[in-house]
Structure formats: structure tokens, C-alpha cells
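Structure, as C-alpha cells:
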Amino acid sequence: MRDSEYWDSVAQEFDTFYRKEKDPLRRVMDQVLRKGMTERYNLTLQECMNVEGKKILDVGCGSGRVSVELAKRGGYVTGIDFSVNMIEMAKSLALRFDVEDNCTFLVRDFTDHVFDQGFDIVIALGFFDYVREPSPYLKKMKSLTKEKCIMSFPSKFALQVPVRFIWLKSRNCSVYFYAKNEISRLLSAIFPYFEVRSISASYFSVARAKRCMKAEWEG
């Protein structure tokens with residue numbers, strides 16, 4: 276099973292995290308085991324308070340939850356993911372919230388796709404979990420970004436690491452984990468300013484594509 280086939284097979288299950296209609300056991304499991312997903316979602320929306328009229332790229336957009344929320348705020352969002360089922364769910368979500376005119380969803384591999392425009396903001400949440408060599412992806416994100424990149428990286432020191440590794444490995448889906456100093460090293464080679472914040476079981480990072488005041492950012 277290739278990674279895209281894995282995500283096609285679990286698309287519906289994955290999206291239940293964002294739904295209110297789920298059984299109590301699943302709700303508790305999400306609160307405990309996926310707390311970081313809630314934190315990175317909320318932090319991303321905080322970073323995107325004023326996106327009306329801005330162009331946004333959502334790399335590994337999945338079922339489109341972040342993309343559609345930013346479209347509801349007036350952003351013009353391009354979501355890209357190699358899972359057909361994820362993209363179909365994202366399109367349906369955009370239709371449900373009547374923001375399909377603000378959304379473009381592509382079934383593509385991010386590294387291979389040639390974009391015909393730049394973006395004010397590039398987002399990659401839960402994306403680097405499945406990337407063996409992050410640098411080429413980070414460089415491409417930087418080349419497409421006018422303002423900032425918003426990213427998450429799973430921590431190699433989280434309690435969930437062994438279970439998650441075994442679970443995904445059994446389904447032939449590779450997963451990779453990071454230490455904070457590794458993330459800083461990767462980002463410092465590409466971005467002039469960035470910050471890396473520890474959240475539940477992972478790290479949340481915002482990197483500027485251009486220089487800004489040191490008072491605002493720490494590298």
C-alpha cells in the first residue's frame with residue numbers, strides 16, 4: 276500500500292476528529308491523543324486573523340478543514356493533497372459552507388506540481404510527519420511564500436511515538452519525528468526569521484519569508 280492509498284482508506288475516519296457527532300469514547304481519545312491537532316489548528320487560525328483577499332496554499336490539506344475555515348474568512352485558498360478521497364471531502368466541505376468560489380483543490384504531489392502563482396501564506400500542518408527529507412519541501416514552500424509559512428512537526432519525544440510508529444508501519448505508511456533543535460537547524464538554513472513552539476506531542480512553527488524586526492521574531 277502506498278501512502279496515498281493509506282490516506283484514501285482512512286479519509287473518513289481521519290475527518291471525524293473535526294466533527295461534533297462522535298461517540299464519547301472517540302471524543303475522549305481525541306482529547307487525549309490528538310490534543311496537538313486542536314492546538315495547531317487554533318494557533319493557525321490565530322496567525323491568520325486577517326486573511327481577506329489573501330492567497331493561501333494549504334500543503335497536505337487533507338479533508339479541507341483549515342482551507343475552508345480560511346476561505347470563510349475571505350481568503351483565496353489552494354489546497355493540495357495526493358489523496359483523491361481527501362480532496363473530494365474538501366470539495367464537499369467547501370460546497371457545504373458556500374465558499375467553493377474561494378477554494379481550489381488539487382489532487383497532486385506537492386513536489387511535482389508547478390504553481391503558476393505565489394501565495395501570501397503557505398500552511399503545512401501534519402505534513403512533515405510523512406516526509407523523509409524536509410529541506411526540499413521547505414525550500415519550495417519558501418519560494419512560493421510572500422509573507423510566512425505555518426508548519427507543524429511531530430515530536431520524537433512524545434509518549435505516543437511508539438504506538439503511532441507501529442500502527443502506521445503496519446499499514447506501510449512511513450512516519451518521521453523531530454527534535455526541536457533539528458527543526459531549528461532545518462528552518463535556519465532557509466528562513467531569515469522563525470519561531471518553534473512546543474505543543475502537545477509536536478511543534479508549531481511560523482517562519483517569515485522575508486526579514487522583519489527582531490523584536491517580533493526570534494531565529
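Throughout the sequence shown, residue numbering follows our numbering, covering 276 to 494 in sequence. Ideal Cβ positions, reconstructed from N, Cα and C, are used throughout, including at glycine.
Residue i - partner residues in DSSP beta bridges
i    : result
V352 : I331 and C378
V326 : V326 is not bridged to any residue.
T420 : F394
I441 : According to DSSP, I441 bridges with nothing at all.
F428 : Y478
V495 : No information on residue 495 is available, as it lies outside the stretch 276 to 494 that the chain covers here.
A399 : M426
Per-residue burial, residue i [other beta carbons within 10 Å of its own, 16 or more giving buried]
i    : result
L413 : buried
S477 : buried
M324 : exposed
S367 : exposed
E327 : exposed
N377 : buried
E408 : exposed
F428 : buried
R371 : exposed
G354 : buried
For residue i, the three-state DSSP class (helix, strand or coil)
i    : result
A365 : helix
K485 : coil
T313 : helix
S410 : helix
L434 : coil
Range of the contiguous alpha helix (DSSP H) that encloses residue i
i    : result
S342 : R340 to K347
L461 : K455 to S463
heavy atom of the ligand MN below 6 Å from residue i C-beta
i    : result
F403 : The ligand MN is absent from the structure shown, which contains no ligands of any kind.
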